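Okay, structure first, notes after.
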Amino acid sequence: MSLRLSRRSALKGAGALALTAAATGAIKAPAIAQNTPIRLGSVTTLEGPFATGGQDAYRTMEMLLQAENFTIGGRRIEWTRESSNAQADVALARARKLIEQDNVDIIVGPLSGAEGIALKDYSATLTGKTIVNGSSGASDTTLRNPSRNFFRFNTDGTQWMAGLGNYVRRTLNVSEVTVVAGDYAFPYAQVFGFSLEYCRAGGKVNYLWSPLGTTDFASQIAQIPRTSGALVVVHGGTDGLAFMTQYAQAGGNLPIIGGSIMADQTMLSARGPHRRLMVGMVASGPMADVIDDPNWTDFVARYKRMPNAFPSPSIHAVNYATNLTGVIRALKEVNGDLSNNQAAFQRALAAQKFKAPTGADVSLDHNRQAISDIFLTKIEERGGTPMTVAFERARQVNQTLGTPEPAFLALGAPSRNNTGCIAAS
Amino acid sequence: MSAWLRTPVGMASAATLALLLLLPAILPELMPQNQARFWLANIFGRAIIYGIIAMSLIFLATYGGLVSLAQMSLAGVAGYVVAITIDGAAPSIVGGLSYATAIPLGIAAATLAALFVGLVSVRTRDIYLLMITLALAMGFFRFVETNLAWFNGYEGIRNVLGPSVFGLPFRDPHVLYYVSLTVAVLLYAGVLYLVRSPFGLVLQGIRDNPRRVAALGYNVALHRIAAFGVAGFIAGCGGVLATIYNIGISPGSIGLGATVNVLIMSVIGGLGHPIGAFIGSLIFAFFDTFAASIYDRNRFNTLIGIVFLVIVLLSPDGVIGLAKRVGALMRRD
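Chain order of the listed sequences is H and E.
For the record, in the first sequence the residue sitting at position 300 is 300 according to our numbering, with numbers rising by one throughout.
Converting from the second sequence to our numbering requires adding 425 to each position, the first position being numbered 1.
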């Protein structure tokens with residue numbers, strides 16, 4: 001009896017020892033190389049609802065780093081990947097671990113809006129470290145209280161609507177629309193971008209808001225005014241699908257204008273009556289499945305060679321790739337030199353001008369926020385599968401959509417009561 | 426006091442406290458300087474801060490038999506009140522207050538909110554109490570997430586940098602660590618004192634047999650509500666520290682994930698003694714931070730799950746229970 005017991009406790013002790021050893025082995029990894037590597041950290045979302053987008057982001061990051069053979073300026077790039085769950089606190093904990101424990105020089109990330117704002121604030125407390133956005137698109141990450149250590153080479157949710165308001169008012173010649181949108185931050189930003197242009201061009205807008213996760217839109221569909229000439233649907237994922245299905249079943253026939261995340265694969269691959277309305281849907285955003293641009297064709301061809309790649313890269317993959325491209329180019333310019341608190345590197349980052357994978361020209365404004373092209377897209381059936389096809393681009397859209405910054409800031413943050421619909425007078 | 430110090434528990438407590446006080450000096454001996462600062466603030470500091478919130482749950486569960494899932498929300502109440510009222514937060518909702526005023530206000534708000542939670546759930550027990558507190562927590566979470574005017578919705582309120590303590594910035598890892606440690610030690614001692622006081626004894630009586638305690642003439646409902654208030658005070662202290670540690674607060678800080686994490690910390694540490702909260706919180710902070718380095722990056726949640734499963738399987742009463750069991754085995758050998 002006593003033998004069995006001591007054996008058991010010995011086993012426990014050994015297990016604990018092994019665990020400690022494994023843990024310390026993993027933690028204590030002081031990198032001593034002849035030529036110190038550039039330590040690149042990244043944060044994306046590998047768990048929760050955005051997990052596939054996060055995986056796709058790492059797929060393209062790996063692709064771009066492989067193309068450089070993980071070496072810039074004779075220095076090896078050591079890449080540490082971390083995962084958040086789209087919550088600000090978790091992204092912050094991961095970024096802290098990367099900067100303070102793993103001692104990375106640069107972080108690329110995160111994926112979602114609140115995380116971006118949290119990391120922007122964190123970056124302001126650092127010296128000699130740089131955070132470059134991944135795919136997050138909240139305006140305030142760079143518009144209000146910007147941090148000198150935070151750079152964003154992708155456009156934000158408001159910018160993504162550039163050109164759409166004018167297209168609906170002038171080209172489609174629709175004088176009144178009804179916006180049906182989710183009642184949270186991202187749709188607010190998108191509706192703001194749309195309304196700003198559309199109302200300025202003399203259009204009239206009715207708004208119908210519904211909380212995230214709404215499944216029954218019947219009463220809302222009944223409220224759509226008869227005078228509307230088109231529907232602007234700014235929902236994402238399953239909300240958009242539920243609305244479109246019910247609208248189609250109710251016999252709705254208005255032309256559909258979509259927000260930037262309406263035309264994603266959730267909507268396009270789902271079967272149902274909504275498909276009748278989806279084909280021909282016009283939307284705008286930073287990318288499309290089909291863009292007539294050699295840069296994009298080349299990027300997609302390389303992307304498709306990656307293991308488990310989707311038929312077309314996701315929006316997160318494109319945004320992470322755009323941001324990483326900025327980092328790689330700046331690192332090359334300074335020949336991998338991150339000395340002097342990264343002063344030269346950050347200057348090079350801020351001065352970057354390059355073509356994003358989509359072929360859009362990217363440069364940064366004084367808040368280190370991207371000025372770039374936005375695509376107008378239409379859904380077309382190609383070979384039996386619906387795809388978003390870019391047919392026009394709004395060139396060099398800045399964060400305030402051409403409004404002077406003080407005037408834009410004076411409009412206040414987008415919300416359901418601040419839709420950006422200020423009629424031209 | 427000196428007699429207590431000579432008991433094994435007393436000696437162990439004193440040794441642990443000494444170790445924790447000397448930790449900022451010990452860590453740099455074990456690892457490079459920057460990693461030592463990381464461990465101090467983001468492993469031990471974080472463990473202490475979330476340990477305080479977990480302790481509020483353990484206090485309720487162990488001495489009142491009340492397993493509440495609302496503790497993280499109550500911490501959030503304190504955090505949000507501070508974020509809303511202090512000067513310099515972004516966006517500024519009310520602003521204008523100094524930390525010296527905002528922090529007591531936040532803790533008072535958490536205590537009041539906790540009394541309300543107690544009032545609502547006073548007639549329920551066990552699984553029903555769990556459900557009703559979960560419902561309140563999720564209700565508060567959704568409210569905060571959709572309300573823009575007061576809570577800035579999904580994006581939350583950032584830039585809560587914390588006060589300076591004796592002229593030193595709160596963001597310094599040493600300041601963060603020592604302030605958290607001081608608060609934790611005071612609350613821990615307070616809990617141990619309270620459970621020996623007449624109030625604590627009545628509370629434990631209620632846990633074991635509410636009818637008998639009622640027959641003795643005590644007001645059972647009032648004691649339960651008061652216990653919630655005490656736990657809310659503790660959670661509020663933790664919530665203020667967590668908000669400053671996270672440089673702000675957003676709905677994700679009080680969502681379902683965060684709520685369940687507090688329960689996980691308490692269970693792996695061990696419902697049974699307040700120290701379990703801090704042990705559980707330390708294990709949680711360690712694995713939450715390093716699981717991705719130890720194990721496959723895409724699957725690191727599996728490792729966290731397995732560790733917690735193993736602890737709970739080996740010892741249903743957490744690490745404390747494990748320690749007790751090993752101690753008992755040693756004596757039998």
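From the three backbone atoms N, C-alpha and C, an ideal C-beta is built for every residue, glycine too.
Computed from a predicted structure; not experimentally measured.
Contacting residues, own chain, Cβ-Cβ under 8 Å from residue i (five flanking each side not counted)
| i | result |
| --- | --- |
| P453 of chain E | A461 |
| G521 of chain E | T510, D512 |
| A22 of chain H | Per-residue confidence for A22 of chain H stands at a pLDDT of 47, beneath the threshold of 50, marking its modelled position as unreliable; no derived number is given. |
| F709 of chain E | A472, Y475, N686, I689, M690, I693 |
| N35 of chain H | G74, R75, R76 |
Pair within 9 Å by beta-carbon distance, residue i and residue j
| i | j | result |
| --- | --- | --- |
| I528 of chain E | A500 of chain E | no |
| V300 of chain H | S312 of chain H | yes |
| A356 of chain H | P286 of chain H | yes |
| A448 of chain H | A317 of chain H | Nothing in the structure corresponds to residue 448 of chain H, since chain H is present only between 1 and 425. |
| L126 of chain H | I99 of chain H | yes |
| S210 of chain H | D264 of chain H | no |
| N584 of chain E | D121 of chain H | yes |
| N103 of chain H | N459 of chain E | yes |
| A288 of chain H | P255 of chain H | no |
| M161 of chain H | F192 of chain H | yes |
| I659 of chain E | V616 of chain E | yes |
| Y188 of chain H | T419 of chain H | yes |
| I474 of chain E | G663 of chain E | yes |
| N323 of chain H | N133 of chain H | yes |
| A562 of chain E | S498 of chain E | yes |
| A413 of chain H | P516 of chain E | yes |
| G109 of chain H | T44 of chain H | yes |
| G581 of chain E | I117 of chain H | yes |
| V282 of chain H | G258 of chain H | yes |
| F153 of chain H | A370 of chain H | yes |
Exposure of residue i, with buried meaning 16 or more beta-carbon neighbours within 10 Å
| i | result |
| --- | --- |
| G661 of chain E | buried |
| V735 of chain E | exposed |
| W232 of chain H | Note that residue 232 of chain H corresponds to Val in the displayed sequence, not to Trp. Flag for V232 of chain H reads buried. |
| L338 of chain H | buried |
| A525 of chain E | exposed |
| R39 of chain H | buried |
| D434 of chain H | Outside the shown range of chain H, which is 1 to 425, sits residue 434 of chain H, and nothing can be said about it. |
| E68 of chain H | exposed |
| E115 of chain H | buried |
| D105 of chain H | buried |
| E197 of chain H | buried |
Beta-carbon proximity list for residue i, same chain, < 6 Å, skipping 5 on both sides
| i | result |
| --- | --- |
| G695 of chain E | G701, D742, G743, V744, I745, G746 |
| L164 of chain H | F194, S284 |
| N295 of chain H | K355, G359 |
| W712 of chain E | Per the sequence presented here, residue 712 of chain E reads as Phe, with Trp not at that position. So the qualifying residues of the chain are I729, V732. |
| D156 of chain H | G137, S139 |
| I552 of chain E | none |
Cβ-based neighbour list, residue i, same chain, cut-off 7 Å, excluding 5 preceding and 5 following
| i | result |
| --- | --- |
| N572 of chain E | G578 |
| Q346 of chain H | T130 |
| E333 of chain H | A348 |
| F408 of chain H | T400 |
Residues that residue i contacts on chain B, provided the C-beta gap is smaller than 8 Å
| i | result |
| --- | --- |
| F463 of chain E | Included in the structure are the protein chains H and E, with no chain B among them. |
Members of the region 134 to 147 of chain H near chain E, C-beta cut-off 8 Å: A138, D140, R144, N145
Inter-stretch contact at 8 Å, needing at least 3 Cβ pairs: the region 657 to 667 of chain E / the region 63 to 81 of chain H: no
Meets three-Cβ-pair contact criterion under 8 Å: the region 339 to 350 of chain H and the region 174 to 191 of chain H: no
Three CB pairs or more closer than 8 Å across the region 499 to 516 of chain E and the region 639 to 650 of chain E: no
Near-chain E residues of the region 390 to 416 of chain H - C-beta to any C-beta below 9 Å: A413, S415, R416
Residues, ordered as in the chain, of the region 565 to 592 of chain E that lie near chain H by beta-carbon distance below 7 Å: T571, L573, G578, Y579, E580, G581, R583, N584
Residues of the region 497 to 517 of chain E with Cβ closer than 8 Å to any Cβ of chain H, in chain order: A515, P516
Given 8 Å, three or more beta-carbon pairs between the region 490 to 506 of chain E and the region 539 to 547 of chain E: yes
Validate contact between the region 404 to 419 of chain H and the region 433 to 447 of chain E using beta carbons, cut 8 Å, 3 pairs: no
Interface residues of the region 195 to 229 of chain H facing chain E [CB-CB below 7 Å]: P211
Residues from the region 706 to 725 of chain E in contact with chain H, defined by Cβ distance under 8 Å: F711, D713, T714, F715, A717, S718, I719, R722, N723, F725
Residues in the region 42 to 65 of chain H having any Cβ partner in chain E nearer than 7 Å: L46, E47
Contact list for the region 660 to 679 of chain E against chain H, Cβ threshold 7 Å: N671, I672, G673, S675, G677, S678
Under 8 Å (Cβ pairs) to chain E, residues found in the region 370 to 385 of chain H: none
Chain-ordered residues of the region 253 to 273 of chain H with a beta carbon less than 7 Å from chain E: none
Validate contact between the region 267 to 275 of chain H and the region 391 to 408 of chain H using beta carbons, cut 8 Å, 3 pairs: no
Residues within the region 101 to 127 of chain H neighbouring chain E, beta-carbon criterion of under 7 Å: Q101, N103, G113, A114, I117, A118, D121, Y122, T125
Interface residues of the region 527 to 551 of chain E facing chain H [CB-CB below 7 Å]: none
Near-chain H residues of the region 681 to 694 of chain E (beta-carbon distance less than 9 Å), N- to C-terminal order: G682, A683
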